[in-house]
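Heads up: the structure comes next, in structure tokens.
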Amino acid sequence: MDISWGSLTVGTLLGILIGHLLSHVLSKKRAKLDRKAAIHNQAVADFKSSFTDALVNFNYQENTVVLILQQTFDAHKIAYIRFRENLPPSKKDAFDQVWVKYEEYYNQNAKGQIYTLFASAKTDYETQHRMFIIGLIKELMAFAKEV
Numbered sequence: 045m046d047i048s049w050g051s052l053t054v055g056t057l058l059g060i061l062i063g064h065l066l067s068h069v070l071s072k073k074r075a076k077l078d079r080k081a082a083i084h085n086q087a088v089a090d091f092k093s094s095f096t097d098a099l100v101n102f103n104y105q106e107n108t109v110v111l112i113l114q115q116t117f118d119a120h121k122i123a124y125i126r127f128r129e130n131l132p133p134s135k136k137d138a139f140d141q142v143w144v145k146y147e148e149y150y151n152q153n154a155k156g157q158i159y160t161l162f163a164s165a166k167t168d169y170e171t172q173h174r175m176f177i178i179g180l181i182k183e184l185m186a187f188a189k190e191v
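In structure tokens form, the structure reads like this:
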């Protein structure tokens with residue numbers, strides 16, 4: 045015994061209601077995922093852009109590694125803190141390990157140094173340090189992938 049209104053049955057009405065409800069729930073979930081991806085992608089862009097000046101300066105070899113780090117490290121640390129919030133827990137430890145190497149390099153080699161006013165940026169010593177620090181920055185950047 046079917047209940048019907050013209051050509052509509054109870055089953056048809058239930059199907060329509062369930063379909064609309066499911067569509068609504070899934071669109072809400074998708075919107076939340078899109079917002080989360082947009083926040084993550086903005087964090088990636090901000091993190092990468094914070095290192096742009098340093099990388100450009102390292103490549104031009106006009107200034108010493110120490111001077112470049114002294115001018116950019118504070119911005120890098122802020123970017124690290126902000127970007128870390130957007131990393132999944134499974135990647136935070138590895139990211140922190142690379143950051144610790146970068147921060148230790150800064151603390152041991154650049155923090156508070158004044159010889160940079162007289163040093164040459166085009167020595168073998170500088171080239172070795174330049175390659176090392178660029179490698180660390182590239183390791184950090186490897187975590188900054190858009191979704």
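Residues in the sequence shown are numbered consecutively from 45, following the numbering used here.
The beta carbon of each residue, even a glycine, is placed where N, CA and C say it ideally should be.
Here the structure is a predicted model, which is why all the values come from computation and not from measurement.
Continuous alpha helix (DSSP H) stretch holding residue i: start and end
| i | result |
| --- | --- |
| T108 | Per DSSP, T108 belongs to no alpha helix (DSSP H) and is neither H nor E. |
| F139 | P133 to N153 |
| T171 | D168 to M185 |
Inter-residue Cα distance where the pair is residue i and residue j
| i | j | result |
| --- | --- | --- |
| S51 | I60 | 14 Å |
| H64 | Y124 | 43 Å |
| T56 | L70 | 21 Å |
| P133 | K80 | 15 Å |
| E129 | A87 | 9 Å |
| K166 | Q105 | 7 Å |
| K136 | L58 | 47 Å |
| V142 | K121 | 13 Å |
Nearest-angstrom beta carbon gap, residue j and residue i [assumed within contact, 8 Å]
| i | j | result |
| --- | --- | --- |
| F95 | F139 | Not a contact, Cβ separation roughly 14 Å. |
| L184 | Y146 | 7 Å |
| A154 | F117 | 7 Å |
| V109 | I177 | 6 Å |
| Y150 | L113 | 5 Å |
| V102 | F127 | Looking at the sequence provided, one finds Phe at residue 102 rather than Val. Contact flag wrong, Cβ pair sits at about 20 Å. |
| H280 | V191 | Coverage of the chain is limited to positions 45 through 191, which leaves residue 280 absent and any answer about it impossible. |
| I181 | A82 | No, I181 and A82 are not in contact; Cβ-Cβ is about 25 Å, not under 8 Å. |
Where residue i sits in the DSSP three-state scheme
| i | result |
| --- | --- |
| K73 | helix |
| V88 | helix |
| N101 | helix |
| A188 | coil |
| S164 | coil |
| G156 | coil |
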